[in-house]
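Trainee: In my numbering, the protein residues as written are 8 to 365. Quick one: this structure, given as structure tokens, is what I'll be asking you about.
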Amino acid sequence: MKMTFRWYGEKDDTITLRQIKQIPGMDGVVGALYDVPVGEVWPLEEIAAQADAARAAGLSYETVESINVHEDIKLGLPTRDRYIENYIKSLKNAAKCGVNVVCYNFMPIFDWTRTDLAKPLYDGSTALAFDYHVIAGKSPRQMADEILSHSNGYVLPGWEPERLGELGRLFDAYEGMGEEDLRSNLGYFLKAVIPACEELGIRMTIHPDDPPRSVFGLPRIVKNERDLDKIVKLADSPSNSLCICTGSLGSNRDNDIPHIVRKFGRMDRIGFMHVRNIQVHEPWVFNEVAHKSKFGSLDIYDIMRALWEVGYEGPVRPDHGRMIWDEKGRPGYGLFDRALGANYLCGLWDAICRENSQ
Ligand SMILES: [Mn+2]
């Protein structure tokens, strides 16, 4: 495995490449262009500038997250072909800059959803949290406004203001759409992009729905093992891969993450791993915690062991962290706790490799 760290670029991140490089065991950054509107082509020069900066700092640049999928593709509108063409152009530009893993999601309207971006934990740290009871009484607009007003002034990935500005119109467009319709639109997208990815040496990795359940009645198709089975069949190619985000899938206790890693890892259909822990209090009430197994509901050791067993060689990132040591930053994406998380995962990995080499 290769340990990586999400980086928002010089303009959008308070964390520097030098700081990331100083995290022990850090191989590379996971980049993205956050100022390119969804559906537009990622310009070659801008990706190249980010990749060059990372490499100059001694970090690899092989993974990007996310090249977002335009709503017209998810909705299956006639205009989707133009956006798919643009998507392939972005993939070509990324490949020219040495990118070989592209993460994306296929969630209608809302990317990840939380009801609290700074829930206080027992030790005075804060973390992202979700409580279904809070959402149940709210309109989508209310929830979006609350998320945006508590983001410390940062634009959160997937919560671009231009998208949220047209919430009403988008909800109307999804009216009556079920899971099968959405899956068929994903299949259409994959049939178009996967042959291009095979030529370019890119693995597309779909991120699970976060949380893995319907919100506000919208369909969701990346929730559990059954959904993942259907997705890998939509295009039979290692380029059609999964990003296993342990905290997303793991918020449903019925999802056995080590089993999922072993199963899809043996099929060579895992292209990216987000490894973090969460504490599930009751169904659909959870908060993020420190990575160490004992603080949450997930067995992080067994997840790393499963990755070792299947010979996983792709990127891993510690995903989110708590806010600790009075750090101010983008919720979930501070430096300190993600660095601690990465170090814990590297420690587990070292021990597992060592034990099994004797
Ligand atoms: Mn994730």
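Just so you know, even glycine gets a beta-carbon here, dropped at the ideal spot from N, CA and C.
Please confirm whether residue 41 and residue 68 have their CB atoms less than 9 Å apart.
Mentor: no
Trainee: Below 6 Å CB to CB, which residues in the same chain sit around residue 201 once its five sequence neighbours on both sides are set aside?
Mentor: 242, 244, 246, 247.
Trainee: Which ranges does the beta strand (DSSP E) cover as unbroken runs of at least 3 residues, wholly within the stretch 261-296, from first to last along the chain?
Mentor: Those beta strand (DSSP E) runs which fall completely within the stretch 261-296 and span 3+ residues are 277-281, 285-289, 292-295.
Trainee: Would a C-beta distance cut-off of 9 Å place residue 89 and residue 192 closer than the cut-off?
Mentor: no
Trainee: Any heavy atom of ligand 1 closer than 8 Å to the Cβ of residue 208?
Mentor: no
Trainee: Ignore the nearest five residues each way along the sequence and tell me which others in residue 306's own chain have a CB closer than 7 Å to its CB.
Mentor: 265, 300
Trainee: In chain order, what residues of the same chain have a beta carbon less than 6 Å from the beta carbon of residue 346, not counting five sequence neighbours either side?
Mentor: 30
Trainee: What residue range does the alpha helix (DSSP H) around residue 322 cover?
Mentor: Element bounds for residue 322: not the alpha helix (DSSP H) but the beta strand (DSSP E), 322-324.
Trainee: Just to confirm, is the Cβ distance from residue 114 to residue 353 under 9 Å?
Mentor: no
Trainee: Could you check if residue 266 belongs to the surroundings of ligand 1, using beta carbon to heavy atom distance under 8 Å?
Mentor: no
Trainee: Would residue 149 be called buried (16 or more neighbouring beta carbons within 10 Å of its own) or exposed?
Mentor: exposed
Trainee: Where does residue 231 sit, in a helix, a strand or coil, going by DSSP?
Mentor: coil
Trainee: Does DSSP classify residue 364 as helix, strand or coil?
Mentor: helix
Trainee: Considering only DSSP beta bridges, list what residue 111 is partnered with.
Mentor: 213
Trainee: What separation, rounded to the nearest whole angstrom, lies between the Cα atoms of residue 122 and residue 293?
Mentor: One C-alpha to the other measures close to 10 Å.
Trainee: Using only CA atoms, which one of 38, 60, 49 lies nearest to residue 25?
Mentor: 60
Trainee: When you compare only the Cα positions, how much space is there between residue 332 and residue 342?
Mentor: 10 Å
Trainee: Any beta carbon of chain B sitting closer than 9 Å to that of residue 290?
Mentor: In the displayed structure, chain B is absent; only one protein chain is listed.
Trainee: Secondary structure at residue 341, three-state DSSP: helix, strand or coil?
Mentor: coil
Trainee: When DSSP builds the beta bridges, which residues end up paired with residue 247?
Mentor: 211
Trainee: Less than 8 Å between the CB of residue 248 and some heavy atom of ligand 2, yes or no?
Mentor: This structure lacks ligand 2; its bound ligands are ligand 1.
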